[in-house]
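*Asks:* Residue numbers (this note's numbering): 10 to 298. Positions of the beta carbon are idealized from the N, C-alpha and C atoms, including for glycine.
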Amino acid sequence: MSTANALHHNANSVITSGQFSENSIEDRGNEYVIKTTRKDLTACHIRSLAHHEVRIIQVKSFVDKEAAQIISKGALELGYKPYINVDNVRRIGMAYYETEHKPDLIEKYFSISRICLEQLRCACSPVGSPMDTARCLLDEVWPSGANLQTLFGKKMFVGLSRMVEPDTTFLAHHDIFADDAPGMEESDSVISQFGANVYVQMPEKGGELLMWHRNLSIDEFDEMRAGEYGIHIDKLPCPDVVLKPETGDLLIFDAHKLHAVASPKEKARLALSFFIAYRGDDVPLTFWS
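Here it is in structure tokens:
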């Protein structure tokens, strides 16, 4: 069975619970990962991800380790605060996910967008923001270009910095723009949604990206998460793909698929994060946080 056929088959399989433990975690599913470099990233790589032929693009050493150390230090000095709607996840900036369709929070999101963007740039000084580099790279690589997502006629924020503290985790979840911005042409037109993380600090143990092939409907996901923002990974089978990024790597992955973060040990995992929307091979990519 080809990789593409295997992915299609696995996406329709049934999830059963209670089969996975972080105690025995190791990299797996390398056949679903494209490994490349910043100068070698191509539109073909992005198409492979959009067409579900792979799950992750790993851009090695997107930021060098010395620059990553400067950026992580600047981010820590700026300070991480809990999400408005998830108090055990900490970030710098505001994710659109936090607005939960509430007009006052949507107004707040747009009012602080430029402030958050400039704060990130200051935190990255003097090496420059990897978010700006990523935005330029995607525009250069994708034939139709790439630009900042607009919503309600306003530019969205891009460049959330997130922290996973030692012995905590990001629960298994999927990211769907149409859930965060329902009834909007901008979100309903998205065919594939990618998550993109630049890792500026990684622990020696833990912090792996975990992914499952299986598609979960919104109803299935809501039932399994039982009121939390995601599903505890001990309720899930072994992930189909496990990848431990190194400090400085950029990962671009299929955010519509269930994904989680294994608990870091001894040191926090810090990453700069954003989403990328794919609407077709001849349509510009867009990005936001």
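When the Cα of M193 is compared with those of L160, D231, I79, which residue comes out closest?
*Replies:* By one-based count along the sequence shown, residue 193 stands at place 184. Of L160, D231, I79, the residue nearest in Cα terms is L160.
*Asks:* Tell me which same chain residues have a C-beta within less than 6 Å of the C-beta of M10, skipping the five on either side of it?
*Replies:* Here residue 10 refers to the residue found at position 1 when the sequence shown is read from its first residue. For M10, the predicted model reports a pLDDT of 46, less than 50, meaning its position is unreliable; a value from the coordinates is still stated below. Result list for M10: empty, nothing under 6 Å.
*Asks:* Which full runs of the beta strand (DSSP E) of 3+ residues lie inside the segment 54-123, going along the chain?
*Replies:* DSSP runs (the beta strand (DSSP E)) wholly in the segment 54-123: 65-69, 99-101.
*Asks:* Out of S226, L114, P152, state which residue places its alpha-carbon closest to the alpha-carbon of R56.
*Replies:* Your numbering for residue 56 matches position 47 in the sequence shown. Among S226, L114, P152, the Cα nearest to that of R56 is on P152.
*Asks:* Nearest by alpha-carbon distance to Y76: which of V292, L219, T142, H183 is it?
*Replies:* The residue you call residue 76 lines up with position 67 of the sequence shown. One point to set straight first is that residue 76 is Ala, not Tyr, in the sequence displayed. Closest by alpha carbon: T142.
*Asks:* Buried or exposed for T256, going by 16 or more other Cβ atoms inside 10 Å?
*Replies:* The count along the sequence shown starts at 1 and reaches residue 256 at position 247. So T256 ends up on the buried side.
*Asks:* Classify V63 as buried or exposed, calling it buried when 16 or more other Cβ atoms lie within 10 Å of its own Cβ.
*Replies:* On the sequence shown, residue 63 is found 54 positions in, with the first residue counted as 1. The residue in question, V63, is buried, as its Cβ has 16 or more Cβ neighbours within 10 Å.
*Asks:* Quick one, which of C145, H60, F203, A84 has its alpha-carbon nearest E127's?
*Replies:* Counted from its first residue, the sequence shown places residue 127 at position 118. Ranking the options by Cα distance to E127, first place goes to A84.
*Asks:* G38: which of W297, K253, D258 sits nearest, CA to CA?
*Replies:* As a position in the sequence shown, residue 38 is number 29, starting the count at 1. Minimum Cα distance to G38 is reached at K253.
*Asks:* How would you call R123, buried or exposed, if buried means at least 16 neighbouring beta carbons within 10 angstroms?
*Replies:* Reading the sequence shown from its first residue, position 114 is the one you call residue 123. The residue in question, R123, is exposed, as its Cβ has fewer than 16 Cβ neighbours within 10 Å.
*Asks:* Could you give the distance in angstroms between the alpha-carbon of S26 and the alpha-carbon of L225?
*Replies:* Here residue 26 refers to the residue found at position 17 when the sequence shown is read from its first residue. Here residue 225 refers to the residue found at position 216 when the sequence shown is read from its first residue. Residue confidence is low: S26 scores 48 on pLDDT, short of 50, so the model does not pin down where it sits. Its coordinate-derived value is still stated next. For S26 and L225, the distance between alpha carbons rounds to 14 Å.
*Asks:* Out of R47, F296, S70, point me to the one whose CA is closest to A205's CA.
*Replies:* On the sequence shown, position 196 is the one that residue 205 refers to. Checked all of R47, F296, S70; the closest Cα to A205 is F296.
*Asks:* Just curious, the beta strand (DSSP E) that R223 is in, first and last residue?
*Replies:* On the sequence shown, residue 223 is found 214 positions in, with the first residue counted as 1. Per DSSP, R223 belongs to no beta strand (DSSP E) and is neither H nor E.
*Asks:* For the 8 Å Cβ check, are there 3 or more pairs between the segment 154-173 and the segment 260-268?
*Replies:* No: the two stretches stay apart, fewer than three of their Cβ pairs being nearer than 8 Å.
*Asks:* Taking L218 as the reference, which of V173, Y89, H54 has the closest Cα?
*Replies:* Numbered from 1 along the sequence shown, position 209 holds the residue referred to as residue 218. The residue with the shortest Cα to Cα distance from L218 is V173.
*Asks:* In this structure, does DSSP put I185 in helix, strand or coil?
*Replies:* Taking the sequence shown and counting its residues from 1, one reaches residue 185 at position 176. Coil.
*Asks:* Using a 10 Å radius around the Cβ and a threshold of 16 neighbouring Cβ atoms, would you call H110 buried or exposed?
*Replies:* Within the sequence shown, the letter at position 101 stands for residue 110. Per the 10 Å Cβ criterion, exposed.
*Asks:* Can you tell me where the beta strand (DSSP E) holding A143 begins and where it ends?
*Replies:* For this step, residue 143 is matched to residue 134 along the sequence shown. Segment 139-150 is the alpha helix (DSSP H) holding A143; no beta strand (DSSP E) there.
*Asks:* Within the 7 Å Cβ cut-off, does K48 reach chain D?
*Replies:* Absence of chain D from the displayed structure is noted, only one protein chain being present.
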